[in-house]
Amino acid sequence: MTVQAKSSDRQTPEGSAPPRSSRIISIQRWSIVLLVAGGALNYVDRATLSVANKLIQDELGIPVAKMGLLLSAFLWAYAFSQLPIGGLIDRFGPRRLLGLGLFGWSLAQAAGGFVTSFGSFISARFALGVGEAPLFPGGARVVRDWFGIRERGFATGLCQSASSLGNFVAVPLLTYLMLSLSWRWMFILVGAAGILLAGVWWMMYRDPSEVALTPEEHRYLTEGDENTSSGPPTLAQWGHLFTHRTTWGMIAGFFGTIYTLWLYTGWLPFYLEHERHMSVARVGVLAAIPYFFGCVGAVVGGWLCDFLTRRGWAPMTGRKLLMVCALCGISVCTVGTVFAKSDSLALALISVSLFLIYIASSAAWATVPVAAPGQFTASLGSIQNFGGYLGGALAPAVTGFIVQRTGSFSEALMLSAAISLAAAAAYLLLVRGTIHSEGPAGGAAKS
70 MTVQAKSSDR QTPEGSAPPR SSRIISIQRW SIVLLVAGGA LNYVDRATLS
120 VANKLIQDEL GIPVAKMGLL LSAFLWAYAF SQLPIGGLID RFGPRRLLGL
170 GLFGWSLAQA AGGFVTSFGS FISARFALGV GEAPLFPGGA RVVRDWFGIR
220 ERGFATGLCQ SASSLGNFVA VPLLTYLMLS LSWRWMFILV GAAGILLAGV
270 WWMMYRDPSE VALTPEEHRY LTEGDENTSS GPPTLAQWGH LFTHRTTWGM
320 IAGFFGTIYT LWLYTGWLPF YLEHERHMSV ARVGVLAAIP YFFGCVGAVV
370 GGWLCDFLTR RGWAPMTGRK LLMVCALCGI SVCTVGTVFA KSDSLALALI
420 SVSLFLIYIA SSAAWATVPV AAPGQFTASL GSIQNFGGYL GGALAPAVTG
470 FIVQRTGSFS EALMLSAAIS LAAAAAYLLL VRGTIHSEGP AGGAAKS
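According to our numbering, the sequence shown is numbered sequentially starting from 70.
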């Protein structure tokens, strides 16, 4: 990627959005391509265990409830790694942290192909969670660093589409690898692909501090963004983010979003086999359908964020509206899935749920670059993601215990619907405004 300065010959009319230089456009395209590739691979890695769920149970003798714990091991490690990782990204930059994270999680993924017991599998999944922690907070920082405020929503939506794209590709791809080779080789090959991608990221991506920006390029990146500041946050400033109602509203809203997402990510193949009595080969095809709709929802959600901003909505208000509406819709569709008599209707409702989940996810992540000053972007994003993945960590384990106790997914789905509705209420009541910087130290003022 070129880092030589290029001045644009175009003149910017007073009050209009400044133009992007050809270099900025190139950096944006490469950044999004690499983030989407990393995000898709990230979710392929996560899906390996759910796709191979029954084969791993049979070979290693792991009961259903313990499989829920195994699915959650990654998520607990991922959730608690979020707390320090955001501040580290804001201090050292996404190039270093995302590169190291991608390399580390890929090694852990490959190690999953060599496990011989429940304990060793737990360790490999824990390491996977730690390694994957930098990706989405780092992606939020990349969007904040390289996109103007009018374009951050769509760029965020593209990045968020990677997770659903990964799940869409993962189910048929991993099923094919698993049935053609073995579940162990499935883990090893996916890990090798990640190590290769880590090298590409390190060679291609650059942080803004590594690029000599022209005045016009700097203006494009900051124009219209009233919540800008510079310098990495101190530990005290990072901790001060927790004093804001907006921060807690973002945590609660994302908790509900990711709880439902991981109910499906962890258990959808098993649900279709156990509850809907589908064959493994049929599930390998049909389970991909909801994630196609999720991929569309992520892009639509990001586009809607920018559309509402262009129509005159305050960025925070527009994103809040999308989050609340999407979470309410998720609750309705999840209840509908419980009472759906036909497999087709159940799959359609799950598909709409995934569509809305990814609209909510795009809106939540698009809120991060506008909710706090620039040097807090990854920090706030990781705090939000911590809340989300507390929900994500609970979902597979709670679902596993409920299914083992009742023999059905009905109670687990109804609980998820209630959590989505509560998350919508929390977002509506707590998210009130942006978190502004104050004073020369760049501390955060109450929202």
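Note that CB positions come from ideal geometry on N, CA and C, so glycine has one too.
When the options are compared against residue i, the one with the closest alpha-carbon
i       : options                               : result
Arg-164 : Gly-107, Leu-459, Glu-286 and Pro-284 : Gly-107
Met-255 : Ile-125, Glu-285, Gln-453 and Ser-91  : Ile-125
Ser-192 : Arg-89, Ser-141 and Ser-485           : Ser-141
Leu-396 : Gly-168, Leu-425, Val-269 and Ala-134 : Leu-425
Arg-194 : Ser-95, Arg-115 and Pro-465           : Arg-115
Ala-487 : Gly-318, Thr-475, Gly-398 and Tyr-427 : Gly-398
Gly-226 : Trp-382, Gly-182, Ile-257 and Gly-371 : Gly-371
Tyr-112 : Thr-468, Tyr-274, Leu-330 and Lys-135 : Leu-330
Thr-244 : Ala-466, Ala-267, Gly-181 and Ser-348 : Ser-348
Arg-98  : Leu-169, Ala-148 and Phe-223          : Phe-223
Whole-angstrom distance between residue j and residue i, CA atom to CA atom
i       : j       : result
Ala-429 : Tyr-328 : 12 Å
Ala-494 : Val-393 : 7 Å
Tyr-496 : Asp-127 : 42 Å
Glu-344 : Thr-406 : 11 Å
Leu-418 : Arg-160 : 43 Å
Leu-171 : Val-211 : 15 Å
Ser-150 : Ala-202 : 6 Å
Lys-389 : Ala-432 : 8 Å
Gln-178 : Arg-380 : 44 Å
Leu-332 : Ala-464 : 5 Å
Val-184 : Ala-281 : 47 Å
Val-439 : Ile-504 : 9 Å
Arg-219 : Ile-93  : 15 Å
Asp-78  : Ile-101 : Residue placement at Asp-78 cannot be trusted, given a pLDDT of 35 that sits under 50; what the coordinates show is reported in the next sentence. The straight-line gap from Cα to Cα measures roughly 26 Å.
Residue i in three-state terms, based on DSSP
i       : result
Lys-123 : helix
Arg-288 : helix
Arg-345 : coil
Lys-410 : coil
Ile-264 : helix
Ser-100 : helix
Ala-464 : helix
Pro-338 : helix
Leu-282 : coil
Pro-442 : coil
Tyr-274 : coil
Thr-378 : helix
His-309 : helix
Arg-89  : coil
Val-500 : coil
8 Å Cβ cutoff met for residue i and residue j
i       : j       : result
Phe-455 : Leu-310 : no
Tyr-538 : Ser-233 : This structure does not reach residue 538, given that the chain is present from 70 up to 516, and the question cannot be answered.
Gly-546 : Gly-200 : Since the displayed the chain opens at 70 and closes at 516, residue 546 lies outside it and no answer follows.
Leu-167 : Leu-197 : no
Tyr-363 : Asn-236 : With the sequence shown as reference, residue 363 is identified as Gly, and Tyr is not the correct amino acid for it. Yes, these two residues count as a Cβ contact at 8 Å.
Val-121 : Val-240 : First, the residue type needs correcting, since residue 121 is Ala and not Val in the sequence shown. Taking 8 Å as the Cβ cut-off, Ala-121 and Val-240 do not qualify as a contacting pair.
Ala-209 : Ala-441 : no
Trp-434 : Gly-450 : yes
Gly-502 : Thr-315 : yes
Met-136 : Gly-476 : no
Val-500 : Met-247 : no
Gly-353 : Tyr-289 : no
Residue i CB to nearest heavy atom of the ligand SAH below 7 Å
i       : result
Ser-278 : The model on display carries no ligand, and the ligand SAH is accordingly not part of it.
Inset, instruction - Scan the segment 183 to 248 and note each continuous alpha helix (DSSP H) run of 4 residues or more that stays entirely inside, going in chain order. - result: 187 to 201 and 204 to 215
Inset, instruction - Please list the segments of the beta strand (DSSP E) lying wholly inside the segment 125 to 150, counting only runs of 3 or more residues, in order along the chain. - result: none
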